[in-house]
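See below for the structure under consideration.
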Amino acid sequence: MGQASAPAADLEGIADFQESSLAQVVERFSSDLGVLERRWGDIPYSAARQERMRDFLAGWAKELDALRVASDDVDGSIDLVLLGSEVRYRQELLAREGRMVAEVLPLLPFSDDIVALLDIRHSRKEVDGQSIAGSLAALAEAVDAADRALKSRATAGGAGDGGDGQPTPTPITGLRAVRLLQ
C-alpha cells in the first residue's frame, strides 16, 4: 500500500511539551489530600477528621485566592481555576457530609467509642489487650442500649415523635447511620 508513517515517538521533539507553571502545586494538593484521606478515610464521622479536612481545604482556598499567574500563562490560569473549583467542591462535600453526620449521630451515641478505637488502631502503638477488650465489651453494651432505646421510641411514638421529644428517624437517616458503621 502506501508509505508507512513515522512512529509516534518521533513527535516528542515536535510537540515541545511544557508543564504548567502550577503543575507542582496541583501535585502537592493531590499528595497532601491523599495523605489526609488515608489517615482519616475510615473514620468519616470523626469530629477531628471534619476539623482537619476543613482546615486543610480552607488553607488551600486562601492560598489559591492569593496566588497569581502571569497573564500569558494560559495553562497556569486553567490549572488555578480548576484547582480552585476542586477545593470549593470538596469544601461543599465536606459541609454536606457534616450535616448528614450530625443528622445520624443521635442514632449512634456510641460513635465516640468507635472513633477512639479506630484512633488507637491508627496510632500503631502497643495496646493493652484487656483495656481494648473492656472497651469492646462496653461498646457492645452501648450498641444494645441504643438499639433498645430506638425500638422503644419507635413503638411508643409512632411515625413522628418517639415519645421522648425526639423525632423518629426517617428510613434514609437509618440507612445513612448503617452506612457510617460499615
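Position 19, counted from 1, in the sequence shown is what the working numbering calls 1451; the numbers after and before it change by one each time, with no gaps. For glycine and all other residues, C-beta sits at the position ideal for the given N, C-alpha and C.
Query raised in the report: Mind checking Y1521: buried by the 16 CB within 10 Å criterion, or exposed?
Result: Taking all protein chains in view, the Cβ of Y1521 is surrounded by fewer than 16 other Cβ atoms within 10 Å, so the residue is classified as exposed.
Requested in this report: Please work out which residues of its chain come closer than 8 angstroms, Cβ to Cβ, to L1468, disregarding the five sequence neighbours upstream and downstream, and give them in chain order.
Outcome: So the qualifying residues of the chain are R1484, M1485, F1488.
Query - Helix, strand or coil at K1557 according to DSSP, with G and I counted as helix - result: Correct three-state label for K1557: coil.
Query raised in the report: My guess is that A1578 and P1541 are in contact by the Cβ rule of under 8 angstroms, so how many angstroms apart are they, rounded?
Result: With 8 angstroms as the limit, A1578 and P1541 qualify as a contact, their Cβ atoms being about 5 angstroms apart.
Requested in this report: Compare the C-alpha of S1543 against each of E1451, D1497, A1574, V1506 and name the closest.
Outcome: For S1543, the closest of E1451, D1497, A1574, V1506 by C-alpha to C-alpha distance is A1574.
Query raised in the report: Are V1519 and S1509 touching if we call contact CB-CB under 9 angstroms?
Result: For the pair V1519 and S1509, the CB atoms are not nearer than the 9 angstroms cut-off.
Query raised in the report: With burial defined as no fewer than 16 other Cβ atoms inside 10 Å of the residue's Cβ, what is the status of S1478: buried or exposed?
Result: Per the 10 Å Cβ criterion, buried.
**Report entry** Buried versus exposed, by CB contacts within 10 Å (16 or more), D1576
**Finding:** Burial call: exposed.
Query raised in the report: So, are the CB atoms of D1551 and L1571 less than 9 angstroms apart?
Result: No, the pair does not count as a contact, with Cβ atoms beyond the cut-off.
**Report entry** For D1505 and P1538, the rounded distance between their alpha carbons
**Finding:** Roughly 51 angstroms between the two C-alpha positions.
Requested in this report: Put G1466 into one of helix, strand or coil per three-state DSSP.
Outcome: The answer is helix: DSSP assigns G1466 an H, G or I state.
**Report entry** G1516 vs A1493 beta-carbon contact at 9 angstroms
**Finding:** The beta carbons of G1516 and A1493 sit closer together than 9 angstroms.
Query - Closest by C-alpha distance to L1514, when choosing among A1480, R1556, F1461, L1525 - result: Nearest of A1480, R1556, F1461, L1525 to L1514, Cα basis: F1461.
Report task. Tell me whether V1501 sits in a helix, a strand or coil according to DSSP, three-state version. Result -> In the structure shown, V1501 sits in coil (DSSP, three-state: anything other than H, G, I, E or B).
Query raised in the report: If you follow the alpha helix (DSSP H) that T1605 is part of, which residue opens it and which one closes it?
Result: Per DSSP, the unbroken alpha helix (DSSP H) holding T1605 starts and ends at 1603 to 1613.
Query raised in the report: Can you name the start and end residues of the alpha helix (DSSP H) that Y1521 belongs to?
Result: Where Y1521 is concerned, the enclosing alpha helix (DSSP H) stretches over 1506 to 1536.
**Report entry** Nearest-angstrom Cα separation, counted from V1547 out to R1533
**Finding:** It is Val, not Arg, that sits at residue 1533 in the sequence shown. In this model, V1533 and V1547 are separated by some 13 angstroms (Cα to Cα).
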